[in-house]
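> Numbering (our numbering), first residue to last: 751 to 952.
Next comes the structure, spelled out in structure tokens:
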């Protein structure tokens, strides 16, 4: 499937507080589907009050800007569908089968390989823009003891990865999925596929 949107730039930083926060600070200067990526984050965020652990330079921590064309706020789940399915596409291409843990973590088997933080900017009852933050465990092998079930792509495949090349591939996979939001059938397909691969913990 070819991308249906012109890709924005990928901007790399050595260190930021969080890529979502950095993208928000520069949002008026960025084109649609621009990416802010960082080798390290001093205040990486997960869902709620959770932080995101990542050894600087070992993993993928980035945020994508998506400009919507009148997406109703009631359909916000579509942004989650696009992101999680795009990540699943990318990992499948690396030989790793994954599932989506509600609402927005990616698990390989019973271990977490990726977390997502989506922040929507509203205008009335519509979502004007989405900031999609992704933390993918790429080359990590040294985990804090308090993390219950992490895993990295390197641990699963035995390979080491070049983070710049993997960011290109992963962000392209997510951006291709955004193209499905353009039609009613595409949106329905996203939700059906999301539900197929989604699970909830008891």
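All C-beta atoms in this analysis are idealised placements derived from N, C-alpha and C, irrespective of residue type, glycine included.
List the residues that DSSP assigns as beta-bridge partners of residue 811.
Per DSSP, 885.
> Is there a C-beta anywhere in chain E that falls below 8 angstroms from the one on residue 864?
Of the protein chains in this structure there is only one, and it is not chain E.
> Please classify residue 896: does DSSP put it in a helix, a strand, or coil?
Three-state DSSP puts residue 896 in coil, outside helix and strand.
> For residue 847, which residues does DSSP report across the bridge?
None; residue 847 has no bridge partner.
> Please report how far the alpha carbon of residue 947 lies from the alpha carbon of residue 766, in whole angstroms.
Straight-line Cα distance between these residues: approximately 33 angstroms.
> Starting from residue 787, trace the beta strand (DSSP E) in both directions and tell me its first and last residue.
Run containing residue 787: 785 to 791, per the beta strand (DSSP E) assignment.
> Short check: CB of residue 955 to CB of residue 850, under 8 angstroms?
Absent from the structure is residue 955, since the part of the chain shown begins at 751 and ends at 952.
> Answer yes or no: do residue 886 and residue 904 have a C-beta to C-beta separation smaller than 8 angstroms?
Contact: no.
> I need the straight-line Cα distance from residue 940 to residue 949, nearest angstrom please.
About 16 angstroms.
> Taking the alpha-carbon of residue 787 as reference, which of 807, 811 and 839 has the nearest alpha-carbon?
Nearest C-alpha to residue 787: 811.
> Compare the C-alpha of residue 860 against each of 823, 873, 915 and 846 and name the closest.
Nearest C-alpha to residue 860: 846.
> Using a Cβ-Cβ cutoff of less than 6 angstroms, which residues in the same chain neighbour residue 741 once the five nearest sequence positions on both sides are dropped?
Past the boundaries of the shown model lies residue 741; the chain is included only from 751 to 952, so the question cannot be answered.
> Residue 791: which of 911, 853, 762 and 776 sits nearest, CA to CA?
Selected option, being the one with the closest Cα: 762.
> So, do the segment 892 to 900 and the segment 820 to 836 have three or more beta carbon pairs nearer to each other than 8 angstroms?
No, the segment 892 to 900 does not touch the segment 820 to 836.
> Give the straight-line distance between the Cα atoms of residue 781 and residue 874, rounded to the nearest whole angstrom.
In a straight line, the C-alpha of residue 781 is about 22 angstroms away from that of residue 874.
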